[in-house]
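Comments concern the structure below.
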Amino acid sequence: MEHTPANDIVVVGAGIIGVACALQLARQGRQVLLVDRQLPGQGASWGNAGHLATEQVFPIADLSILKRLPRMLLDPMGPLRLDWKYLPKAMPWFTRLLLNLRPAPFQRSVAGIRALNEASLAAWQQLLGSIGRSDLFHQDGSLLVFERPESSEALAALRSRMQQQAVPVELWSARQVQAAAPQLNPSLLGGLFFPSTGHFIDPYRVLCELFEAAQAEGVRFMQAQVDSGRLHSAGVTLASNCGALHARQVLLSCGAHSAHLTAALTGKQVPLDTERGYHLMLPAEHQRLPFAVTSLERKFIMTPMTGGLRLAGTVEFAGLQAPPSMQRAWQLHRLSKGLFREDLSTEGASPWMGMRPSLPDSLPVIDRVCEGRVLLAFGHQHLGLTQAAVTAQWVGRLAEALGGPETRAYRLDRF
Numbered sequence: 029m030e031h032t033p034a035n036d037i038v039v040v041g042a043g044i045i046g047v048a049c050a051l052q053l054a055r056q057g058r059q060v061l062l063v064d065r066q067l068p069g070q071g072a073s074w075g076n077a078g079h080l081a082t083e084q085v086f087p088i089a090d091l092s093i094l095k096r097l098p099r100m101l102l103d104p105m106g107p108l109r110l111d112w113k114y115l116p117k118a119m120p121w122f123t124r125l126l127l128n129l130r131p132a133p134f135q136r137s138v139a140g141i142r143a144l145n146e147a148s149l150a151a152w153q154q155l156l157g158s159i160g161r162s163d164l165f166h167q168d169g170s171l172l173v174f175e176r177p178e179s180s181e182a183l184a185a186l187r188s189r190m191q192q193q194a195v196p197v198e199l200w201s202a203r204q205v206q207a208a209a210p211q212l213n214p215s216l217l218g219g220l221f222f223p224s225t226g227h228f229i230d231p232y233r234v235l236c237e238l239f240e241a242a243q244a245e246g247v248r249f250m251q252a253q254v255d256s257g258r259l260h261s262a263g264v265t266l267a268s269n270c271g272a273l274h275a276r277q278v279l280l281s282c283g284a285h286s287a288h289l290t291a292a293l294t295g296k297q298v299p300l301d302t303e304r305g306y307h308l309m310l311p312a313e314h315q316r317l318p319f320a321v322t323s324l325e326r327k328f329i330m331t332p333m334t335g336g337l338r339l340a341g342t343v344e345f346a347g348l349q350a351p352p353s354m355q356r357a358w359q360l361h362r363l364s365k366g367l368f369r370e371d372l373s374t375e376g377a378s379p380w381m382g383m384r385p386s387l388p389d390s391l392p393v394i395d396r397v398c399e400g401r402v403l404l405a406f407g408h409q410h411l412g413l414t415q416a417a418v419t420a421q422w423v424g425r426l427a428e429a430l431g432g433p434e435t436r437a438y439r440l441d442r443f
C-alpha cells in the first residue's frame, strides 16, 4: 500500500552537510524532517580540523601510495595506515583508487575538487552571514611549513602544481614564518602561505548555529536509525527504529554510512569507504598560532580554536566497525615536538576519532536520481566542512529540478 507522504523531504544525516542542506531546503519553502541516529554533529563533523581547505585541490592519494603500502601495513603510528586485517575488504576500493590515478581520471578529479573548492569560500561567507555568525570563521590564510633542506624541491614542485590550478599561494621565507607565527621554532626553513583559506574557531558551534537556524525555519529533527527504504509512485518510504517515514523526497547525506541506503533506494552499489581521522584537542594551548599550520614532513595540521589548539590528521583504513586506536591521536602530540620554541602542553587533552567518507576518485556524490525522489550528497572525504555550504546550494537547485553542478563528475552513474 502506498502512503501519502507525511513529509515533504527527509534528510538522512545531521552532520555539517545534512544540516546545511536542511537549512537551504527550508529556506526554499520545503517542509524538512532531519533524521540521524545521533544528535546533530556527533559524527565526523564534531572533530574535524576546522580548516577551510580550498587549497587542497588534489586527490587523496597519488602514485607514491604504492611505495608506501608496505609501511602502511606495518607501521601502526604512520600518517597513512592500512589495518592488515581490513586489507581483503579494502582491496577493491584501493584497486579503484589506483585506476583513478591514471592521467585522465586524475585530471577529472582535480577539476571536480577545484570546482567545489573555488566556490566554497564565498558560499561559507554567505551562509554564515545569513545567520549572523560570520565571527565563527577567520579568513586569515593557512601555512604549510618545512624543516629539511631536502624538502625544498618537493615544496617548489607543490607550489608549481598549485599555481597551475590557479590556487593562490605565496612562498614564505623563514623570516616571514617567524614574523607571522613567532612561537614556531626558528629552525623552520620557510613554507607556502595560502591567503584564500581560513579556519573555523569552533566547528561544532558552527554546526549548532546552523541547526538552530534550520529549526527556526521549520526544520524538525528526529533521532532515529534509518535501516532501509523503498521507492513508490508517491515518493519514498524509509524504515527506521521509530517506524516508517513517508516523504515525497529523501536526501541521503549520512557520510560514511551512506552506501547501504543508496543501494537500498537506487540499486546502485557505491564504492564508499572511510578514512578514519584523529584529533587531539589541547585546551591549555591558546595564542600559539594565528592561523592553521601544517607540517610538510610530519603530515598533520594544527588549528587554533576557542577551545584550544586542535592537532589533526593521519589517515587510517580499518572500516566502520573497528574500535578507534587512540594512540594515533596521542601520536599527534609527539609529532608536534620540535615545531615550537616550547613543547605544547597536554594538560586536559582529549583524543577523538571520526569517519571521513571517501570515494576512490576523491569526489563526492551530489546528484538527483530516481525521477527526483532521491537526492544524494555524501563522500566529501577530507573536505566535508570546506564544501558543505556550496553543496547545500547545489542540493537546493537539484531538489527543485533547477539544475545542479555544471559537471557530470559528481553523478552517481559514474560508478
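Numbering (this note's numbering), first residue to last: 29 to 443. Glycine is no exception: its CB is placed at the ideal position from the N, C-alpha and C atoms.
**Request:** Identify whether residue 441 lies in helix, strand or coil by the three-state DSSP scheme.
**Result:** helix
**Prompt:** Beta carbon of residue 290, beta carbon of residue 403: below 8 angstroms?
**Reply:** no
**Other residues of its chain near residue 346: CB distance less than 7 angstroms, five sequence neighbours each side excluded** = 111, 114 and 304
**Prompt:** Just to confirm, are residue 238 and residue 72 a CB contact at a threshold of 8 angstroms?
**Reply:** no
**Message:** Just to check my reading of the structure: residue 386 and residue 407 have Cβ atoms closer than 8 angstroms, yes? What is that Cβ distance to the nearest angstrom?
**Reply:** 7 angstroms
**Request:** Check the DSSP bridge columns for residue 336 and list the partner residues they point to.
**Result:** 333
**Asked** Taking the alpha carbon of residue 362 as the point to measure from, which residue in 344, 376 and 339 has its own alpha carbon closest?
**Response** 339
**Request:** Please report how far the alpha carbon of residue 360 lies from the alpha carbon of residue 312, in whole angstroms.
**Result:** 16 angstroms
**Request:** Between the Cα of residue 337 and those of 392, 327, 410 and 376, spot the shortest distance and give me the residue it belongs to.
**Result:** 376
**Prompt:** Do you know whose CA, among 321, 172, 65 and 149, lies nearest residue 418's CA?
**Reply:** 149
**Prompt:** Which two residues bound the contiguous alpha helix (DSSP H) that contains residue 189?
**Reply:** 180-192
**Whole-angstrom distance between residue 81 and residue 209, CA atom to CA atom** = 19 angstroms
**Asked** Helix or strand or just coil, what does DSSP make of residue 290?
**Response** helix
**Item:** Length-filtered (3 minimum) beta strand (DSSP E) runs lying within the region 59-86
**Value:** 60-64
**Asked** Curious, which full-length beta strand (DSSP E) runs of at least 3 residues does the region 356-404 contain?
**Response** 378-386 and 393-397
**Request:** Grab the span of the beta strand (DSSP E) containing residue 263 for me, first residue to last.
**Result:** 263-268
**Prompt:** Taking all protein chains shown into account, do 16 or more other C-beta atoms lie within 10 angstroms of the C-beta of residue 123, making it buried, or fewer, making it exposed?
**Reply:** exposed
**Prompt:** Thinking C-alpha only, which one of 436, 229 and 154 is nearest residue 396?
**Reply:** 436
**Request:** Apply the 10 Å Cβ neighbour rule to residue 58 and answer buried if 16 or more other Cβ atoms are within range, or exposed otherwise.
**Result:** buried
**Prompt:** Quick one: what's got a C-beta closer than 6 angstroms to residue 103's C-beta in the same chain, skipping five residues either side?
**Reply:** none
**Item:** Simplified DSSP state of residue 247, which is helix, strand or coil
**Value:** coil
**Message:** Only counting the same chain, and skipping five residues up and downstream in sequence, which positions put a Cβ closer than 6 angstroms to that of residue 36?
**Reply:** 58, 59 and 276
**Asked** Tell me which same chain residues have a C-beta within less than 8 angstroms of the C-beta of residue 335, skipping the five on either side of it?
**Response** 230, 309 and 311
**Request:** Tell me whether residue 84 is buried or exposed, calling it buried when 16 or more other Cβ atoms sit within 10 Å of its Cβ.
**Result:** buried
**Asked** What did DSSP end up calling residue 307 once you bin it into helix, strand or coil?
**Response** strand
**Item:** Through-space distance from residue 353 to residue 379, alpha-carbon basis
**Value:** 10 angstroms
**Prompt:** Touching or not, the region 323-333 and the region 291-301, by the rule of three or more beta carbon pairs under 8 angstroms?
**Reply:** no
**Prompt:** Who are the Cβ neighbours of residue 164 in its own chain at under 8 angstroms, not counting the five residues just before and after it?
**Reply:** 156, 228, 229, 230, 233, 234 and 237
**Request:** Given a cut-off of 8 angstroms, decide if residue 302 and residue 250 are closer than it, judged by their beta-carbon atoms.
**Result:** no
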